[in-house]
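Chemist: If you count the sequence shown from 1, position 392 lands on 392 in UniProt numbering, and the numbers rise without skipping.
Dumping the structure here so I can ask a few things about it.
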Amino acid sequence: MFNLSVLLEDGARSAPEKECLVFGDLRLNYALTDMIANQVADLLVSRGIRPGDRVALASPNVPYFPFVYFGALKAGAVVVPLNVLLTPREIAYHLEDSGAKALFAFTGTPELPLGPRAYEAFQQTDGCDIYVDLPAVPGATESTIDGAETFWKALEGRSGEFESVQTSAEDTAVIIYTSGTTGKPKGAELSHNNLMMNAIGSAKLVNAHPEGRDVSLVVLPLFHIFGQTVMLNACLYRHGTMVLMPRFDGDEALRLMEKEGVTGFAGVPTMYWGLLNAVQSAGAGEYDLEGIAANMVDAVSGGAALPGRLAEDFTKVFGVGIKEGYGLSETSPVASFNNPRVKAKTGSIGRPVWGVEMKLIDPDWNEVVQEEDREPVGEIAVRGHLVMKGYHNRPEVNAEVIRDGWFRTGDIARRDEEGFYFIIDRSKDMIIRGGYNVYPREVEEVLMTHDAVSLAAVVGVPHDTHGEEVKAFVIPKEGSDLTADELVSWSKERLAGYKYPREVEFRTELPMTSTGKILKRELRG
Numbered sequence: 001m002f003n004l005s006v007l008l009e010d011g012a013r014s015a016p017e018k019e020c021l022v023f024g025d026l027r028l029n030y031a032l033t034d035m036i037a038n039q040v041a042d043l044l045v046s047r048g049i050r051p052g053d054r055v056a057l058a059s060p061n062v063p064y065f066p067f068v069y070f071g072a073l074k075a076g077a078v079v080v081p082l083n084v085l086l087t088p089r090e091i092a093y094h095l096e097d098s099g100a101k102a103l104f105a106f107t108g109t110p111e112l113p114l115g116p117r118a119y120e121a122f123q124q125t126d127g128c129d130i131y132v133d134l135p136a137v138p139g140a141t142e143s144t145i146d147g148a149e150t151f152w153k154a155l156e157g158r159s160g161e162f163e164s165v166q167t168s169a170e171d172t173a174v175i176i177y178t179s180g181t182t183g184k185p186k187g188a189e190l191s192h193n194n195l196m197m198n199a200i201g202s203a204k205l206v207n208a209h210p211e212g213r214d215v216s217l218v219v220l221p222l223f224h225i226f227g228q229t230v231m232l233n234a235c236l237y238r239h240g241t242m243v244l245m246p247r248f249d250g251d252e253a254l255r256l257m258e259k260e261g262v263t264g265f266a267g268v269p270t271m272y273w274g275l276l277n278a279v280q281s282a283g284a285g286e287y288d289l290e291g292i293a294a295n296m297v298d299a300v301s302g303g304a305a306l307p308g309r310l311a312e313d314f315t316k317v318f319g320v321g322i323k324e325g326y327g328l329s330e331t332s333p334v335a336s337f338n339n340p341r342v343k344a345k346t347g348s349i350g351r352p353v354w355g356v357e358m359k360l361i362d363p364d365w366n367e368v369v370q371e372e373d374r375e376p377v378g379e380i381a382v383r384g385h386l387v388m389k390g391y392h393n394r395p396e397v398n399a400e401v402i403r404d405g406w407f408r409t410g411d412i413a414r415r416d417e418e419g420f421y422f423i424i425d426r427s428k429d430m431i432i433r434g435g436y437n438v439y440p441r442e443v444e445e446v447l448m449t450h451d452a453v454s455l456a457a458v459v460g461v462p463h464d465t466h467g468e469e470v471k472a473f474v475i476p477k478e479g480s481d482l483t484a485d486e487l488v489s490w491s492k493e494r495l496a497g498y499k500y501p502r503e504v505e506f507r508t509e510l511p512m513t514s515t516g517k518i519l520k521r522e523l524r525g
C-alpha cells in the first residue's frame with residue numbers, strides 16, 4: 001500500500017493536538033482535520049465512488065480543500081483540482097475530460113460566485129452524479145444553490161474513522177490541468193509516488209527555525225501543484241502549521257505574518273512584489289517589520305522567473321534571501337533548487353534536486369553539450385521520480401513530450417560549468433525579431449533595474465518588416481514621471497540593437513492568473 005493520505009494520517013497519529021490549519025478564527029488540530037477527511041472518504045464510498053474514480057474539487061485556500069483532497073485520496077479516488085476562476089463552460093470541459101464522477105465546489109462570495117458556476121457546469125455534464133456545496137458559512141447545512149447538498153449536511157452521521165483504500169505507488173493520485181496556453185488544457189496524471197517524493201524532497205529544503213516553530217503562510221492556490229506540493233503536502237510531512245489565505249493581498253499577508261509568527265512563505269515573484277509594495281505604501285510603524293523578519297527563516301519563489309532586483313530588495317527589507325526553485329505541473333513540480341545551504345547563484349534555478357536528472361536538448365532531442373568556452377543553451381529535459389505518468393487520454397502528445405523517461409519542458413536555459421541552470425525563457429515566449437532570437441526575461445531583468453520601474457513584462461507583437469517587435473508593458477513606481485521615450489532610450493544603452501523595446505506601454509496593473517503569473521497572451525492581444 002502507498003497512499004498520499006498517509007501525510008495527514010501520520011500527523012494525526014504522531015501529533016494529534018498540533019495545530020494543522022488556521023483560517024481566520026478557526027484553528028484545527030491534526031486529529032480533527034484527519035477525522036473530517038475520514039468522513040469525506042466514508043461519504044464518497046457510500047455514494048458509489050470506487051478506487052480510480054475521479055473527484056473534482058473547486059475550492060480556494062479554505063479548510064475544505066484539505067478535507068476533500070485527503071478524503072478522496074483515502075477513498076482511493078483521483079483528485080481533480082479546478083481553478084476557482086473557471087467559467088461554467090471551462091468547468092464542464094474539465095469534468096468531461098477527466099471523467100469526474102463527483103464535484104465539490106465552494107459556494108464563493110458575491111464578488112466570486114463560484115458555486116452557481118460550478119453547479120451550472122455539473123448539470124450540463126454527463127457522468128458526474130455527485131455535487132456537494134462547500135458553504136462560505138462554516139457549518140451551514142442549507143445551500144443557497146437550489147438542489148445542491150451542503151458539505152456539512154452530507155457528513156451528518158458519517159464515521160470519523162476510515163481505513164484508507166490500498167493504492168499502489170504508481171496509481172494516479174491527482175490530475176492537474178495545465179493552463180492551456182497552447183490549446184485546450186491537458187490533465188497531467190501524477191502518481192502517489194510522484195507527489196510523495198516531491199513533498200518529502202521539498203520539506204527537507206526548508207530552513208529550521210531556531211525555536212523549532214514551523215508556521216507557513218499558504219497563499220499559493222492549493223488547486224495549483226506548486227501550492228499543493230511545496231505548501232500543503234510538504235507542511236504536513238513536517239507536521240507544520242498552515243495559515244490559509246484564500247486570495248493574496250500584500251497588506252493582509254503582512255498582518256498574518258505578524259499575528260501568526262509566520263516562519264515560511266512561498267510565492268510567485270508578483271507576490272514578493274506585492275509584499276514590498278505594501279511595505280512601501282504603509283505608514284511608519286504600521287507593521288512590526290523587525291518581528292516579521294525575526295520569525296521568517298524561509299522564502300521560496302517559483303512559477304515564473306524571479307527578477308534579481310526584486311530578490312535584492314526583498315532581502316533588504318525582510319532579512320531573508322529568496323530561494324528560487326523550478327518545476328512544472330508535469331514534474332510534481334520541483335525539479336531544481338537554488339539552495340544557499342549548499343551553494344546558490346543569483347538568477348539561477350539551481351541544480352537538480354535529489355533523484356532528478358536534467359539536461360539541455362535541441363528540437364530533435366539531441367543533447368546540447370558545451371563547446372570550448374561557450375556555455376550550452378537548449379531546452380530543459382528532466383528525468384526521475386518527479387515526471388508525470390502522462391497527459392490523461394493524450395497518447396499522441398505524450399509521445400511528443402516523453403521519451404525514455406525524459407520530459408521536455410519547453411523552457412530554454414543555459415548551464416554553467418558548475419551545473420547551475422539559468423532560465424532564458426519559455427520557448428513559446430521567445431521573440432524572433434528580424435531573424436534574431438530575443439528572450440523576454442533578459443529584457444525584463446534590465447528594465448527592472450531602472451529606478452522608476454516597479455514591474456515589467458515583455459512580449460512580441462506583430463511587425464510588418466521584422467516579423468515581431470519587442471514591446472514592454474511597465475508599471476511605474478508611485479510618483480514617477482518616466483516617459484516611454486525616456487525608457488526606450490535608456491534601454492537602448494543597455495541592450496543590443498535587436499533586443500531593446502521599441503514600444504513601451506505604461507499600466508497601473510498587469511493581467512495575472514489566479515496563481516500570480518503574468519498573462520502574456522492577454523498582453524499580446
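Where is the CB? At the ideal position from N, CA and C, for every residue including glycine.
#1: Which residues in the same chain have their Cβ closer than 6 Å to the Cβ of Ala452, if we skip the five residues on either side of it in sequence?
#2: Report the CB separation of Gly76 from Thr167 in whole angstroms; it is logged as a contact under 8 Å.
#3: If you drop the 5 nearest sequence neighbours on each side, which residues of the same chain put their C-beta closer than 8 Å to that of Met245?
#4: DSSP state of Gly240, grouped into three classes?
#5: To the nearest angstrom, how far is the alpha carbon of Asp146 from that of Ile412?
#6: Just curious, the alpha helix (DSSP H) that Pro116 is in, first and last residue?
#7: Would the beta-carbon of Val230 be found less than 8 Å away from any heavy atom of the ligand PLP?
#8: With respect to the beta strand (DSSP E) encompassing Leu37, which residues constitute its N-terminal and C-terminal limits?
#9: According to DSSP, simplified to helix, strand and coil, what is Gly212?
#10: How many whole angstroms separate the CB atoms of Ala148 and Asp133, which I take to be in contact at a CB cut-off of 8 Å?
#11: One question on the structure: do Val446 and Gly460 come within less than 9 Å of each other, judged by their Cβ atoms?
#12: First and last residue of the alpha helix (DSSP H) that includes Gly274?
#13: For Ala299 versus Lys323, is the C-beta distance shorter than 9 Å?
#14: Given a cut-off of 9 Å, decide if Leu32 and Ala58 are closer than it, judged by their beta-carbon atoms.
#15: Which same chain residues, not among the five before or five after Gly250, have their C-beta less than 7 Å away from its C-beta?
#16: Identify every residue that forms a DSSP beta bridge with Tyr391.
#17: Where do the N-terminal and C-terminal ends of the beta strand (DSSP E) with Leu254 fall, by residue?
#18: For His463, which beta-bridge partners are listed by DSSP?
#19: Expressed to the nearest angstrom, what Euclidean distance is found between the alpha-carbon atoms of Phe265 and Ala234?
#20: Alpha carbons only, please: which of Asp129, Ser491, Ser46, Leu190 is nearest the one belonging to Tyr500?
#21: Under three-state DSSP, which class holds Gly201?
#22: Is DSSP giving Glu357 helix, strand or coil here?
#23: Going by DSSP in three states, residue 530 sits in which element: helix, strand or coil?
#24: Going by DSSP, what residue range makes up the alpha helix (DSSP H) through Pro340?
Modeler: Per the coordinate set shown:
#1: Walking along the sequence shown from the start, residue 452 turns up at place 452. So the qualifying residues of the chain are Pro476, Lys477, Ser480, Leu482.
#2: In the sequence shown, counting from the first residue as 1, residue 76 sits at position 76. In the sequence shown, counting from the first residue as 1, residue 167 sits at position 167. Going by Cβ atoms, the distance from Gly76 to Thr167 rounds to 6 Å, so yes, they are a contact pair.
#3: Along the sequence shown, one-based indexing puts residue 245 at 245. For Met245, where only same-chain residues beyond five positions count, the Cβ hits under 8 Å are Asn61, Leu217, Val218, Val219, Glu252, Ala253, Leu256.
#4: Working through the sequence shown from its first residue, we reach residue 240 at position 240. Three-state DSSP puts Gly240 in coil, outside helix and strand.
#5: For the purposes of this step, residue 146 is identified with residue 146 of the sequence shown, where counting begins at 1. For the purposes of this step, residue 412 is identified with residue 412 of the sequence shown, where counting begins at 1. Cα to Cα, Asp146 sits roughly 50 Å from Ile412.
#6: Position 116 of the sequence shown, counting from 1, holds the residue named residue 116. First-last of the alpha helix (DSSP H) with Pro116: 114-124.
#7: This structure lacks the ligand PLP, and indeed carries no ligand of any kind.
#8: On the sequence shown, residue 37 is found 37 positions in, with the first residue counted as 1. Looking at the sequence provided, one finds Ala at residue 37 rather than Leu. Here Ala37 belongs to no beta strand (DSSP E); instead the alpha helix (DSSP H) covers 30-46.
#9: In the sequence shown, counting from the first residue as 1, residue 212 sits at position 212. Three-state DSSP puts Gly212 in coil, outside helix and strand.
#10: As a first step, residue 148 is located in the sequence shown; it is residue number 148 there, counting from the start. As a first step, residue 133 is located in the sequence shown; it is residue number 133 there, counting from the start. About 4 Å; that satisfies the 8 Å criterion.
#11: Stepping through the sequence shown from its first residue, residue 446 is reached at position 446. Stepping through the sequence shown from its first residue, residue 460 is reached at position 460. No, Cβ-Cβ distance for Val446 and Gly460 is not below 9 Å.
#12: Locating residue 274 in the sequence shown gives position 274, counting from the first residue. 269-281 is the span of the alpha helix (DSSP H), which, as asked, contains Gly274.
#13: The residue you call residue 299 lines up with position 299 of the sequence shown. The residue you call residue 323 lines up with position 323 of the sequence shown. The answer is yes: Cβ separation under 9 Å.
#14: Numbered from 1 along the sequence shown, position 58 holds the residue referred to as residue 58. Numbered from 1 along the sequence shown, position 32 holds the residue referred to as residue 32. No, Cβ-Cβ distance for Ala58 and Leu32 is not below 9 Å.
#15: For this step, residue 250 is matched to residue 250 along the sequence shown. For Gly250, where only same-chain residues beyond five positions count, the Cβ hits under 7 Å are Gly274, Leu275, Asn277, Ala278.
#16: Here residue 391 refers to the residue found at position 391 of the sequence shown. Paired residues: Ala188.
#17: Here residue 254 refers to the residue found at position 254 when the sequence shown is read from its first residue. Counting along the chain, Leu254 falls outside any beta strand (DSSP E), though it belongs to the alpha helix (DSSP H) covering 250-260.
#18: Numbered from 1 along the sequence shown, position 463 holds the residue referred to as residue 463. For His463, which the question treats as bridged, DSSP gives the partners Gly467.
#19: Numbered from its first residue, the sequence shown carries residue 265 at position 265. Numbered from its first residue, the sequence shown carries residue 234 at position 234. Taking the straight line from one Cα to the other gives about 13 Å.
#20: One-based indexing of the sequence shown puts residue 500 at position 500. Checking every option, the nearest Cα to that of Tyr500 belongs to Ser491.
#21: Position 201 of the sequence shown, counted from the first residue, corresponds to residue 201. If DSSP states are grouped into helix, strand and coil, Gly201 belongs with the helices.
#22: Looking up residue 357 in the sequence shown gives position 357. Glu357: strand per DSSP, three-state reduction.
#23: This structure gives no information on residue 530, because the portion of the chain shown stretches from 1 to 525.
#24: Walking along the sequence shown from the start, residue 340 turns up at place 340. First-last for Pro340: undefined, no H or E at that position.
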